[in-house]
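Trainee: In the numbering used here, the protein residues as written are 6 to 247. No residue lacks a Cβ here, since even glycine has one placed at the ideal position from N, Cα and C.
1. Report the start-end ranges of each beta strand (DSSP E) in the region 113–186 that is 3 residues or longer and not cut off at the edges.
2. Which residue comes first and which comes last in the alpha helix (DSSP H) that contains residue 70?
3. Terminal residues of the continuous beta strand (DSSP E) containing residue 226?
4. Closest by CA to residue 110, which one among 86, 148, 229, 200?
5. Among 100, 80, 108, which residue has its Cα nearest to the Cα of residue 92?
6. Could you tell me which residues DSSP pairs with residue 59 in its beta bridges?
7. Keeping to the same chain, check which residues put their C-beta closer than 8 Å to that of residue 209; ignore five residues upstream and five downstream.
8. Over the uninterrupted beta strand (DSSP E) stretch that includes residue 37, give me the two end residues.
9. Grab me the residues of residue 136's own chain with a C-beta within less than 8 Å of its C-beta, minus the 5 sequence neighbours each way, in chain order.
10. Would residue 121 be called buried (16 or more neighbouring beta carbons within 10 Å of its own) or exposed?
11. Under the rule that 16 or more other beta-carbon atoms within 10 Å means buried, what is residue 75, buried or exposed?
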């Protein structure tokens, strides 16, 4: 039972709030919505029998803006921390003594909000920030400073599963339904910061009306033989170059 509880926590604790903020950013910002909406039809093939087939495995190749948007969600909204154990007495900056056996907690938000690493737009949500072709001086950053899934030899083993889940949800939402706020406008909910989660939980409900788009029957497939997932952190790219 303890193992099963741990599996439930791993599968939902961060995937659910990650999916919420990803969907929120796409729906609430008209520019993000239009850019992502233009990419997703590339995944769809209209079959002769009136069925539309959407191949979610093609997100990796056809939807760079959608992927960049999700990465920016983790950077902009993320609240995760890195934990390291001190292996030997270490003096940092000639001021701070870290004793052997101690624990160091490093909030990723410190790195993700550093203007010297991310440029002058660090405080803004830029859904194209992680596009390789669009990295100008305003958005230029070393790939290794994105630490939402850990780093080095300590990486989240479920990062590919989680990102595939969220990206699939985003793609299906964009092609299959219209999502309309009940109040008539998108209002960002306040955040509940919870220790142990990589992203905050919304403090209030966001009531929406979901309207299926008419005129299509859908078939959903995942056809790719390569199941390695999206290159979401720098280590994924390094692993493929070796």
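Mentor: The structure says:
1. 182–186
2. 69–82
3. 222–226
4. 86
5. 108
6. 49, 225
7. 194, 195
8. Unbroken run through residue 37 is the alpha helix (DSSP H), 35–44; no beta strand (DSSP E).
9. 69, 70, 73
10. exposed
11. buried
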